[in-house]
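Letter by letter, the sequence shown follows residues 1 to 587 of the UniProt record's numbering.
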Amino acid sequence: MLRTSHFPSKNETSDICSICLSSLIPGTSLLILSCNHKFHFQCLTSSVQAQHQLCPLCRASIDASIIQLLSTAHSGGDHQQRHVSPNMNQRVVHSNHQHRGKSSSISASRKDFVDKTNLQEITAQAVSTGQTATITVSTMLEFKGQLSQRQSNIYGLVSLQTPFYRQSSKTNKLSSRVPIDLVCVVDQSASMSGAKMFLLKKTLVYITEQLTDLDRLAIVSFDNHAYDRSHGFLQMNERNKYKLSIVINDEIEDGFSTNIGCGLEMAIELFRSHDTKNPVRALFLLTDGKDDEPQDYSHIIRRLPQDVVCHTFGYGADHAASLLVQLAEQGNNGTFTFIDTDDAVGSAFAIALAGLLTCVAQNIRVNIEFYGDYKVTHAHSAYTYEPEQLPSSKITFKLNNLNADEKRNLMFQLQVPEIEDKSSSQNQSILNHVIGHVSVVYDDPKRNLRFATRPGPFHLIRASNLSADDLQVNYQIDLQRNRIETTLALRQAMDEQDYGRSLELLNAQVKNIKSSVSGEDPFCQQLIKDLEYRYPNEHAYRSTNYNICRQHATERGTYSSVTSSSAKVYNSVHQFHQMDHFQSQRE
Numbered sequence: 001m002l003r004t005s006h007f008p009s010k011n012e013t014s015d016i017c018s019i020c021l022s023s024l025i026p027g028t029s030l031l032i033l034s035c036n037h038k039f040h041f042q043c044l045t046s047s048v049q050a051q052h053q054l055c056p057l058c059r060a061s062i063d064a065s066i067i068q069l070l071s072t073a074h075s076g077g078d079h080q081q082r083h084v085s086p087n088m089n090q091r092v093v094h095s096n097h098q099h100r101g102k103s104s105s106i107s108a109s110r111k112d113f114v115d116k117t118n119l120q121e122i123t124a125q126a127v128s129t130g131q132t133a134t135i136t137v138s139t140m141l142e143f144k145g146q147l148s149q150r151q152s153n154i155y156g157l158v159s160l161q162t163p164f165y166r167q168s169s170k171t172n173k174l175s176s177r178v179p180i181d182l183v184c185v186v187d188q189s190a191s192m193s194g195a196k197m198f199l200l201k202k203t204l205v206y207i208t209e210q211l212t213d214l215d216r217l218a219i220v221s222f223d224n225h226a227y228d229r230s231h232g233f234l235q236m237n238e239r240n241k242y243k244l245s246i247v248i249n250d251e252i253e254d255g256f257s258t259n260i261g262c263g264l265e266m267a268i269e270l271f272r273s274h275d276t277k278n279p280v281r282a283l284f285l286l287t288d289g290k291d292d293e294p295q296d297y298s299h300i301i302r303r304l305p306q307d308v309v310c311h312t313f314g315y316g317a318d319h320a321a322s323l324l325v326q327l328a329e330q331g332n333n334g335t336f337t338f339i340d341t342d343d344a345v346g347s348a349f350a351i352a353l354a355g356l357l358t359c360v361a362q363n364i365r366v367n368i369e370f371y372g373d374y375k376v377t378h379a380h381s382a383y384t385y386e387p388e389q390l391p392s393s394k395i396t397f398k399l400n401n402l403n404a405d406e407k408r409n410l411m412f413q414l415q416v417p418e419i420e421d422k423s424s425s426q427n428q429s430i431l432n433h434v435i436g437h438v439s440v441v442y443d444d445p446k447r448n449l450r451f452a453t454r455p456g457p458f459h460l461i462r463a464s465n466l467s468a469d470d471l472q473v474n475y476q477i478d479l480q481r482n483r484i485e486t487t488l489a490l491r492q493a494m495d496e497q498d499y500g501r502s503l504e505l506l507n508a509q510v511k512n513i514k515s516s517v518s519g520e521d522p523f524c525q526q527l528i529k530d531l532e533y534r535y536p537n538e539h540a541y542r543s544t545n546y547n548i549c550r551q552h553a554t555e556r557g558t559y560s561s562v563t564s565s566s567a568k569v570y571n572s573v574h575q576f577h578q579m580d581h582f583q584s585q586r587e
């Protein structure tokens, strides 16, 4: 049963086992983890033996020694006879032992609970369906072969693909999806009056309707001050949905000037001040304006927890697109969306929401390793990687998450050495055309498991004589190179303050695409069409191209105007379904 009408204090919550939701009765055996969350010994034993290795309340990792202990424990035995070494990070105690947790500055009214019972049922259901990897990985190089007596530098590519999720056409609901925590930070300044405010309210109500009682939602509005409209996170049961819809319609009204920073700061504090969290967490920030004085919010966005992704939305003709792009980039590689018309705000939020509702992988690490003197010299990706100093025979790309029906193409350049001595076992491997491999590790939030893919090889023929086919440029590599170079050209054009010079940079990229191997590909033709489009004014030009640039960089789809056809390739089927569903609700 969900606690919605009353938020227990810290003392109250310390007397409840969040697994079974029963009281921690004196005389029973308890276990306190290093995160200071307390459970019945038997409850946590059952959880660990079901392959759950995170704290059921805050999802912090449980110490390996405790996992080993509980994995061999008998669920029906006398748990009070089991003891744990005092030097372990977690420990077993009896309920009559006094324990003092860390003090909290958060008031009881700001506390809320994740429904761990239902979350565990979802996890158990997902695990029972099988443990095959969610992400499939493929590799390719620019050429099939390179002459053994020459050094060269070629392009390489690693592609990640996630599967399609089935969805009910009647309810528009995804079966057993991962619960989310979402904070919507919305502008209520004077410029948001009229149709903008009306459509924003309809969109916020729609978001509440799409969430379930496993999800939590908070709403912050701002003008020159910030307002916590939901009073912290609310679980989206029917009672709280009704309560929040009244707040949205009655309390959010157009106010005064714009101070994005105060709204952003309040939202981040909501995430940081809660002990509990759902597996997927995100922040939506929408504004139609900019601060009265130019601001740099880097110091604020740096406080955003690493597992929270910030998605920004620029509404109308007066927002500061460059600032919102910066916040999205620094906000753990989120997206930026340009909302060009008033009635597009709902579609923009619906598409972003669809991504959250279909998250299938988190904390992704793409580990690439080459053998011998083969070294990565350049990395062409919006995603962070290490080591930052190249060249290196090893490189790891870091991605926060992947949603269902998404693809990521990670491109790099590879130094190919001259081969002299072919007698060693290492060079024998090279003669067999395997010069390196890639493996991917990631968290599956639905199954609460960490996966590692099997190593995938990189093949390259090394010989003194090669056929013309061996030296033919790989079509897919060339296609992705056009995407990367277009992203770079767009970013340079947006940074160029001179409008005429900015246009020249895009024209130069059009020529590059046309002369490439894949220039006639439908995707490349869409790139050319977007780059050649002439906008009615400079603001529309910059806002739209910032949006296009961000989508090409991350390969994640957002709402796009009719003038940005090339970016629509990144929208998933689920995003189109969610947008269609929103529009059907308006009719």
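Glycine is no exception: its CB is placed at the ideal position from the N, C-alpha and C atoms. On a predicted model such as this, the values are computed, not experimentally measured, just so you know.
(message) Nearest by alpha-carbon distance to Tyr297: which of Phe271, Cys262, Asp288 is it?
(response) Cys262
(message) Can you look up Arg100 in the DSSP assignment and give me helix, strand or coil?
(response) Here Arg100 scores only 31 on pLDDT, less than 50, and its place in the model should not be relied on; the value that follows carries that caveat. Arg100 falls in the coil class under three-state DSSP.
(message) Within the continuous alpha helix (DSSP H) that includes Pro522, where are the two ends?
(response) 522-532
(request) Give the secondary structure of Cys549 by DSSP, where H, G and I count as helix, E and B as strand, and everything else as coil. (result) helix
(request) Please go through the same chain and pick out, in chain order, the residues whose beta-carbon is closer than 8 Å to the beta-carbon of Ile62, but skip the five residues on each side of it. (result) Leu33, Val48, Gln53, Leu54, Cys55, Gln90
(request) Report the residue from His231, His299, Gln295 whose alpha carbon sits nearest the alpha carbon of Ser273. (result) His231
(request) Kindly list the residues whose CB is nearer than 6 Å to the CB of residue 589, restricted to its own chain and excluding five residues on each side of it in sequence; keep chain order. (result) What is shown of the chain runs 1 to 587, which leaves residue 589 out entirely.
(request) Tell me, please, which residues DSSP counts as bridged to Pro457. (result) His437
(message) Among Asp478, Lys394, Asp228, Ala352, whose alpha-carbon lies nearest the alpha-carbon of Val185?
(response) Asp228
(message) Quick check: the Cα distance between Arg110 and Phe233, rounded to an integer number of angstroms?
(response) Confidence at Arg110 is low in this model, with a pLDDT of 45, below 50, so the placement of that residue should be treated as unreliable; the coordinate-derived value is given next. Approximately 7 Å, taken between the alpha carbons.
(request) Round the Cβ separation of Ala379 and Phe412 to the nearest angstrom and send it over; I've been treating them as touching at under 8 Å. (result) 5 Å
(request) Throw me the rounded Cβ distance for the Ala404 and Tyr165 pair, which I believe falls under 8 Å. (result) 4 Å
(message) Once DSSP output is grouped into helix, strand and coil, what is the label at His581?
(response) helix
(request) Tell me, please, which residues DSSP counts as bridged to Ser564. (result) In the DSSP output, where bridge partners are listed per residue, Ser564 has none listed.
(message) Does Gly289 come out as helix, strand or coil in the three-state DSSP assignment?
(response) coil
(request) Output the boundary residues of the beta strand (DSSP E) element that contains His378. (result) 375-380
(request) Taking 8 Å as the threshold, find out whether the stretch 357-370 comes into contact with the stretch 336-348 through three or more Cβ pairs. (result) no
(message) Taking the beta carbon of His299 as the centre, do at least 16 other beta carbons fall within 10 Å, making it buried, or is it exposed?
(response) exposed
(message) Considering Cα atoms alone, identify which of Arg281, Thr208, Ile219 is closest to Arg59.
(response) Arg281
(request) Please classify Tyr559: does DSSP put it in a helix, a strand, or coil? (result) coil
(request) Would you kindly report the start and end of the unbroken alpha helix (DSSP H) that includes Arg303? (result) Per DSSP, Arg303 belongs to no alpha helix (DSSP H) and is neither H nor E.
(request) Mind reading off the beta-carbon distance from Asp187 to Asp288? Whole number of angstroms is fine, and I expect it under 8 Å. (result) 6 Å
(request) Please state whether DSSP places Asn278 in a helix, a strand or coil. (result) coil
(message) From the DSSP secondary-structure annotation, give me the bridge partner or partners of His574.
(response) Answer is none; His574 lacks a bridge partner.
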